[in-house]
Every structure is written in structure tokens, then in C-alpha cells.
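The structure under discussion appears below in the form of C-alpha cells.
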Ligand code: COA
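Residue numbers (the numbering used here): 161 to 757.
Right, dumping it as C-alpha cells:
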């Protein structure tokens, strides 16, 4: 079928829907719901058999949904309606939630039901549930709805609140007053629930030292305590710990309210160092935390305490597991340096295999664009950051004493999608989406990708992947050799599979042979072209990007980063997504050809 995806942004769910539908042989084009005209243009040029809206905040024009088969993916159970579905499900402590595919009609979320899936709720932030449970259920429901549409015989179920399985209802947009934390009354569990319901957007509005901030990234603390609820009692790696009536809560990120947005072209003229985007809490509060004690954590933390930790380590049966759960997978200079220290300590442990687990939502998304944007000199900070991440990748590439594995549960993009390749083996969860390209950010890229990527997929595919800024799924990734194995989509089963496979490597009679071969290959590769030469060549091009000049693309890095961090909506759907625009351009050029007599 010709399927048009209409989405508010090309977000993770839209990327996954794109990859899954294309893998089934459907012809896919995408239009962002930027304005009604763009939507109409997409429909007119592509003439779809079916329209699917994976993530939609805007209304679809009536002339589109009334004339075309149009399905909306709604993150709620049967009967649930409204713009804050997941927020309400978290605040209300629902045990089970779901995703429903509805026919678009005049009334929001009130159309006939084409498919629905449910899942068990987890205690986590809204964005995390969206990326894991919602995405999995949405893809399953979408694929069955597509089959039902294809059958031509399926009759969708009208929404009927009298039916016992229709348990949802219409709920309004959740207001800040409904999320507000009462530090004098709310227990830790309630505070976490409130912050989770608003994570990653819009955040919970709160007051610290007479200034309003949005709070993000809540983590329970089991040891620290304070007397005055709401007071900041400790800081660690950019996060702040605040006392509650029955314990304490870490808050990793803040965004200041009431900041006037500085346009890109005026940003060097501004002396106001407050930023209107999310940053580590300690960075936002700055010198006001000078008296707040640091609460350090072991670089190879192996404890079980409930606390804020970005890096931790586990060990079983000669296998080490290094977790690095950096917020949004973004890795700033100091995080990379800490990770390098932890990595070296993990390598020094008496194990045979070291598994790099990444984080719960993302394995890594490369350098930290928000921290770079907020720095005094973004070009210099970009340079420091890329060198720090390269140092981590180099340490993995040159680990000779054990086998290394990247176990990819969360997605990864740009530098993160290249960093996974530094390990000897790459195993990924079935639903992972990889974005192994830097083009949208106007970067040539580093992380030794010019060594690792062609080595795995060959030079032609390496060029194809890096030149076309499109995501790939695990099936394609495995077929081209980008990853070695696909693991299950259930978190606990995934961990078990990783453990089982890693232990099998460590116990194998061939272990020593593999280690010897690895060392020989590395030495041979080094003789052909030293890793330092790859890095120098990549960084030379990155220097050009950081200086604000273009290297082999049309995107300016500083402008692209500004737009990404400030969430500036594009003016139009990128040509690599809007296949219908390419078709249209081809048709136009056909029409412009002089007629042959
Ligand atoms: N630095 C800072 N923040 C980052 C980031 C980075 N490198 N990569 C992702 N994020 C943040 C996003 O701003 C977003 O923040 P929010 O949800 O708190 O508002 C969150 O991570 C999720 O990212 P999003 O873009 O919504 O996820 P996605 O699944 O739709 O897309 C990517 C994934 C990887 C395609 C996309 O995040 C991306 O392009 N990231 C930038 C990668 C990059 O260019 N890195 C620098 C070069 S190495």
C-alpha cells in the first residue's frame, strides 16, 4: 500500500513506524503536520491508500480525513480521549495502560477503533514509557490495523462507552496546578509520580529561591535526609537532592521559566546567561549551590541503594556489565571523562568479557548538544566534548585483555550509533532504531566511525548510511553486518539473554583463540592505518564544522544545534522524508523536458 505518515515530528515512534512499514514492502512517505497546506500537499502528491498519524498534536483538515482512510495512534486505552493520556495514567497510578488506533473524525479521539493493545505500567517517566511500552504496543496495533485495512473486510468497532471493555474516558489537558508539588505534604512517592507524569515535557513547575523552574528527572534517595522539605541538601554530577517529609528526591534537570527566547542570529549579543532549555540542575542554579555539599559516588558503583547514579557496574560469572544511563543519551565532556575512568576500572577487573549496557532509554546520542549550547564558547566546548567521547571509544577499540560487547537496549544516534561499533560484538533489542549519521547536525562526525563503520558494513554501505539521514531497524542492521545479533523486546528477558550470551563467550573453549585473533587483527589494522590517523582526519573535518563552515553538506552546525536544542520546528518536511515531494519534483522536471518531435 501507499502509506502517508503524518506526524508532528519525526520522533522515535514515527521513525519506528516508518522502518517497520517499509520492511513489509509498503511505499512510505512522510509529511510533518506543520500546517494544513503541507498536509494537503502530501496527500495530493502522494495519493495514499492509507494515512497513519503516529504522533499528532495538531488537527488534520476535514477535507483530508473525510476523503481518506486516516488512522490516529492514540497513547491510551479503549475509550480514553484527550491530550494528556499518559500524564493522567501516571498520576492516577494506573496498573495497566494501552494504545488505540482510531479512525480520524471531527471529534478528537472519538473515531472507530481499528486496533488496541495494552501493557503493564512501569514506574518511570512519561517519555521513558512512551519510548518503551507505548512504542511497542503502538507498532503491534499499527501492524494489525494495516492488515485489517488491507483485508478490505474488517469492520472497525464504534466507540461505545456501554461496553464493559471500554474503560477510558475523555480527560482534559493536565494543568500545572494538577501537577504542583506540596513539599510540606507530599511524600517521596507522590513527588516522583508528579515529576514522572510531566517528563520530558512540560516538566513540573516549582519555585526555588523565589524563581520558577520546571523540574525533570526524579530519582528516589534512600540514605540522605534533610529537615526542611524542599531544601537542597546535596548535589552530585549536576543533579540536586531535595528533602521531602519522608526522605529525599534527586532532580537531575531544570529549565528556568520566563526566559525570553534569544533568536539564533542575536545569541552572541546577549549577556543573559540563563537558558530557555533543559540543563543539569546544578548548571542552572550555578553559584547558588556553592554551599551545597557534594555527595560523591564510586566510579565503579556496585551498590543497590536507591540514589541518583549515572554509571554503575555489575559482575557475574567472569562477565562485567557497565551501565551508563546518561539523561537522553547525551554525553558531555565530564560525563565522558567519568565514563572513561569507570571503563578503565571495569577493564582492570578479573573478568573475561565486558558488556557495555548504555542507558535505559538510549545507549548514547553522542556529544551533549544542550551543554555545548549553554557554554561560553560552543565551538571550543564541542571540541572538548568530541575529544572526550573519542577517548572513550579509543579505550574500547584498544581493549586487548578481554572481549567487549555493546548490548543495545535503548536507541542510539550520531556518535552513539558509531560508538557501539567499537566493541567486538554488537547485540541489540529487536525494536531498537539506529541513526548512524551526523548530517542533520551539519557534522562530519568522529568516534572513529571511518574505521569502525566500513569495517563492519563495507565502504559503499557506510557511505549510504552516513549520507542519507534516515534511521535503520535491527533487521536491516543485522543484514548489512552493522550489528551481530537481535535480542528480545522484553526488558527482563533481554537482560537474561545478554547474560546468557556473554557468559557463553566467557566460558567458550574458543575464548583464548578469539582474544588472540582480536589482538592480531587490531595490530594488523594499526600497521595499515593507525587509529590516530583516523581520528586526526575526522577531527580535522569536525574542526571545520565547529568553526561554522560547511563540510560536505548544507547544514550549519551551530544553527542546527541551536534549532535542535531550542526545538525550533522546521519550515518544511525534509526532502529525504517527503518522498511525495521528490516524486513531484521528478514529475515537474518531466513536464519541463522539451517535447521530442
Ligand atoms: N544532546 C542533547 N540532547 C539530546 C541529544 C544530544 N546529543 N540527543 C537527543 N537529545 C535529547 C532531545 O533533545 C530530547 O530531549 P527531551 O525529550 O528531553 O526534550 C531527547 O533527547 C530525546 O530525543 P528525540 O530527538 O526526541 O528522540 P528521537 O528518538 O525522536 O530521535 C535522535 C533520536 C538520535 C535521532 C535525535 O535525538 C538526534 O538527532 N539527536 C542528536 C544526535 C546528534 O546529532 N548528536 C551530536 C553529534 S555526535
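Glycine included, every Cβ here is placed at the ideal spot set by N, Cα and C.
Residue 172 sits in a helix when the DSSP states are folded into three classes. Residue 569 carries a coil assignment under DSSP once its states are collapsed to helix, strand and coil. C-alpha of residue 609 to C-alpha of residue 547: approximately 14 Å in a straight line.
Inclusion of residue 606 and residue 702 in the CB contact set at 7 Å is warranted, their separation being smaller than that value. Selection around the ligand COA by beta-carbon proximity, strictly under 5 Å to any non-hydrogen atom, yields 171, 172, 360, 488, 490, 525, 526, 527, 528, 529, 530, 573, 574, 575, 595 and 601 in chain order. One Cα belongs to residue 625, the other to residue 489, and the distance between them is close to 21 Å.
Put simply, the backbone Cα of residue 599 is about 26 Å away from that of residue 292. In the DSSP secondary-structure assignment, residue 491 is bridged to 527. Residue 413 is bridged by DSSP to 376 and 440. Between the segment 466-484 and the segment 514-521 there are three or more C-beta pairs closer than 8 Å, enough to call the two in contact.
Per DSSP, the unbroken beta strand (DSSP E) holding residue 472 starts and ends at 471-476. For residue 285, same chain residues with a beta-carbon under 6 Å away, outside a window of 5 residues either side, are 356 and 359 in chain order. The alpha-carbon of residue 619 is positioned some 10 Å away from that of residue 612. Taking the CA atoms as reference points, residue 371 sits about 15 Å from residue 442. Nearest to residue 738 by alpha-carbon distance, out of 181, 188, 671 and 348, is 188. Residue 334 counts as buried, since no fewer than 16 other beta carbons sit within 10 angstroms of its beta carbon.
For the set 731, 617 and 631, the Cα lying nearest the Cα of residue 640 is the one of 617.
Residue state for residue 284 is assigned as coil, using DSSP reduced to three classes.
Judged by DSSP in its simplified three-state form, residue 365 adopts strand. Here DSSP, grouped into helix, strand and coil, assigns residue 322 to coil.
In this structure, the straight-line span from the alpha carbon of residue 522 to that of residue 378 is close to 17 Å.
Leaving aside the five residues that flank residue 341 on each side, the residues in its chain whose CB is nearer than 7 Å to its CB run, in chain order, 351, 354, 364 and 366. Between the alpha carbons of residue 480 and residue 273 lies a gap of roughly 47 Å. Going by C-alpha positions, residue 418 is about 47 Å away from residue 656. Rounded to whole angstroms, the separation of the alpha carbons of residue 303 and residue 276 is 11 Å. Residue 258 is a Cβ neighbour of residue 237, given a cutoff of 7 Å.
Here the alpha carbon of residue 362 sits roughly 8 Å from the alpha carbon of residue 374. In this structure, the alpha-carbon of residue 573 lies about 25 Å from that of residue 212. Straight across, the Cα-Cα distance linking residue 215 with residue 264 is about 13 Å. Of the residues assessed, residue 444 falls on the buried side of the cut-off, its CB having 16 or more other CB atoms within 10 angstroms. Contact annotation: residue 175 and residue 538 have beta-carbon atoms that are not nearer than 7 Å. Scanning its chain for C-beta atoms nearer than 8 Å, with the 5 sequence neighbours on each side dropped, one finds around residue 171 the residues 214 and 215, in chain order. The straight-line gap separating the alpha-carbon atoms of residue 473 and residue 462 is approximately 5 Å. The three-state secondary structure of residue 587, taken from DSSP, is strand. At a Cβ-Cβ threshold of 7 Å, residue 173 and residue 270 do not count as neighbours. A distance below 7 Å separates the beta carbons of residue 592 and residue 571.
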